[in-house]
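In what follows, a structure is listed as structure tokens, so that the remarks can point back to it.
Protein chains: 2
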Amino acid sequence: MAGRPQVVVDRASPVPLYFQVARQLEQAIESGELPPGARLDNEIALAEELGLSRPTMRQAIQYLVDKGLLVRRRGVGTHVARARVRRPVGLTSLFDDLSGSGRQPTTAVLSHTVQAASGVVAAALEVPEGTAVLALERLRRTRGEPLAILRNHLRADLVQLDSAVLEERGLYEVLRDAGVTLAAAQQSIGARKASGAEARLLDEPRGAPLLTMRRTTFDDRGVVVEYGDHLYRASRYSFEVALTGR
Amino acid sequence: MAGRPQVVVDRASPVPLYFQVARQLEQAIESGELPPGARLDNEIALAEELGLSRPTMRQAIQYLVDKGLLVRRRGVGTHVARARVRRPVGLTSLFDDLSGSGRQPTTAVLSHTVQAASGVVAAALEVPEGTAVLALERLRRTRGEPLAILRNHLRADLVQLDSAVLEERGLYEVLRDAGVTLAAAQQSIGARKASGAEARLLDEPRGAPLLTMRRTTFDDRGVVVEYGDHLYRASRYSFEVALTGR
DNA sequence: ATCGTTAGGTTGTCAGGACCAATAGTGGGC
DNA sequence: GCCCACTATTGGTCCTGACAACCTAACGAT
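Protein chains in written order, with the numbering used here: chain A, 7 to 252; chain B, 7 to 252.
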């Protein structure tokens, strides 16, 4: 039974075959049907059982290898990765992450204005200095406790934002619904002391260490969508990053 | 000229064709021959020009898309990514990163002992409590200034370490040369205040914010190789992470 | 018993072809 | 002048077939 989890493909579905297979394998791994270390049948046998070609089967496996769920070694075979890779930092907002783990985030919009871009903001958004940009400052809480101060700058021409909506949902979610495809990001993670005002907002003692995250996000055309400068309470938050050495 | 950078493939070489192409395209992008936003010829034309099949050409392009250097859009074409993605956090040590950017790192081994694994260390290395493990504490400097305190725990049975070697080279480099294949890692990035002793070692004021990085590294069999607990001066160091939303 | 050799199995790479789906530009109709 | 359908272009998916590189384990010679 091991090595041959129950997988069925629907050729009438518009979902790519390799993706159908990948998702079902992923589910089998997460459900424990394929425990860590379990060996899969070889690619040719798997492809034959499912009525697929080997390249398609390989593509499904490759997808899971990239995700860190499977490990392939030539001459040996394909195994379920032993190391449980936790959720990696991805193109998701803090809001997504929190609500995904059932932590009921709430957001307070502290300020929401249109400004003339100047200096670092103009450079980060790759617009001429003086261009009108959206400036956003929010306080994110979870279970009533403050967690992070989120400062964002957006190109004003991209999307219409409403403060009421931003109190209910994450920025990335709103952007995606507005038809913006978030494709890539560059982020820089550091630390510094909290200023007096920041400490007060976050309910931390003066001078407490804060995690800082600067992120520039690009859409699929390579245009800068958003520039964020976020502050997290180091006492309650850390970044998880998973690495695989392709 | 644009869209057709000079690429030649050597079929006698053991280097995979797709990789040869990818490397040369990458070089053309970095040298500026293919500026950001430039459009490549379509896949079929490129493959034909190089005498390759389309799947091989696609594999080369896919490699660079994964790396964030190219952007593909159906019906539109393949373009050089506008956003210059800086070097991402990878399966490299701080030493590799520093020497790669010509910063001449030096290392002082503060302690180097064999201990009985206890509690968190045993759990992190996935060995029974009480197993003999290597404990390592180092101070990394660059240009004479202290940058980080590196605390590592290793399975004692994996590799023989020599303090003199560790003063000269990075831990990961030593491990790789010893035949250990580093395949994946899980790291957690946070921040906290420096203790008195830590502040003294790092030449920071008492209570200065430090970036913390806990990393568990796995080899290609999924066995834990190393567990590291590192402290960086937040005033001189930050983590760069590149994200692509496949 | 130990070490080098060999055989079998498995993933890695590559070719060449076919059809599908999304995009953007064009031209016609309103 | 504006909107919509059409079409050419281009990447996305999938197939068949083949050979190469690599790892493990069993085997035989020393």
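Don't be surprised by glycine CBs; every beta carbon is placed ideally from N, CA and C.
For clarity, every value in this text was computed on a predicted model and none was experimentally measured.
Residue i at chain A interface by Cβ criterion, 8 Å
| i | result |
| --- | --- |
| Q193(B) | yes |
| E204(B) | no |
| R79(B) | yes |
| G196(B) | yes |
| D168(B) | no |
| P152(B) | no |
| A248(B) | yes |
| D209(B) | no |
| S244(B) | yes |
| G228(B) | yes |
| L131(B) | no |
| P41(B) | no |
| L217(B) | yes |
| G213(B) | yes |
| A128(B) | no |
| A122(B) | no |
| G125(B) | no |
| A190(B) | yes |
Residues that DSSP places opposite residue i in a beta bridge
| i | result |
| --- | --- |
| A122(B) | A138(B) |
| F245(B) | I195(A) |
| S117(A) | E143(A) |
| F224(B) | A190(B), V230(B) |
| G77(B) | Checking the displayed sequence, the identity of residue 77(B) turns out to be Val instead of Gly. In the DSSP output, where bridge partners are listed per residue, V77(B) has H85(B). |
| A154(A) | R146(A), Y238(A) |
| P111(B) | T148(B) |
| L217(A) | A197(A), Y238(A) |
DSSP state of residue i mapped onto helix, strand, coil
| i | result |
| --- | --- |
| A61(A) | Checking the sequence, you will find Pro at residue 61(A) rather than Ala. Helix, per DSSP. |
| A8(B) | Model confidence at A8(B) stands at a pLDDT of 44, short of 50, so the residue's coordinates are unreliable and nothing is read from them. |
| E232(A) | strand |
| G83(B) | strand |
| R17(B) | coil |
| R212(A) | coil |
| L46(A) | coil |
| L56(B) | helix |
| L23(B) | helix |
Residue i CB to nearest heavy atom of the ligand FAD below 7 Å
| i | result |
| --- | --- |
| V127(B) | No copy of the ligand FAD occurs in the structure displayed, which carries no ligand at all. |
Proximity test, Cβ basis, 8 Å: residue i and chain B
| i | result |
| --- | --- |
| R88(A) | yes |
| Y233(A) | no |
| M7(A) | For M7(A), the predicted structure reports a pLDDT of 44, less than 50, and the residue's modelled location is therefore unreliable. The matter cannot be settled from this model. |
| A240(A) | yes |
| G74(A) | yes |
| A184(A) | no |
| T113(A) | no |
**Prompt:** Which runs of the alpha helix (DSSP H) spanning at least 4 residues fall entirely within the segment 156–188 of chain A, listed in chain order?
**Reply:** 169–174, 177–183
**Request:** Say whether the segment 25–43 of chain B touches the segment 61–76 of chain B, bearing in mind that this needs 3 or more beta-carbon pairs closer than 8 Å, one atom from each stretch.
**Result:** yes
**Message:** Would you call the segment 234–249 of chain A in contact with the segment 194–214 of chain A, where contact means no fewer than 3 C-beta pairs closer than 8 Å?
**Reply:** They touch, by the three-pair rule.
**Prompt:** Quick one: any contact between the segment 164–173 of chain A and the segment 155–175 of chain B, if contact means 3 or more CB pairs under 8 Å?
**Reply:** no
**Item:** Contact between the segment 139–153 of chain A and the segment 76–88 of chain A (3+ Cβ pairs under 8 Å)
**Value:** no
**Asked** Is the segment 186–203 of chain B close to the segment 218–229 of chain B, with three or more CB pairs under 8 Å?
**Response** yes
**Item:** Validate contact between the segment 73–83 of chain A and the segment 56–63 of chain A using beta carbons, cut 8 Å, 3 pairs
**Value:** no
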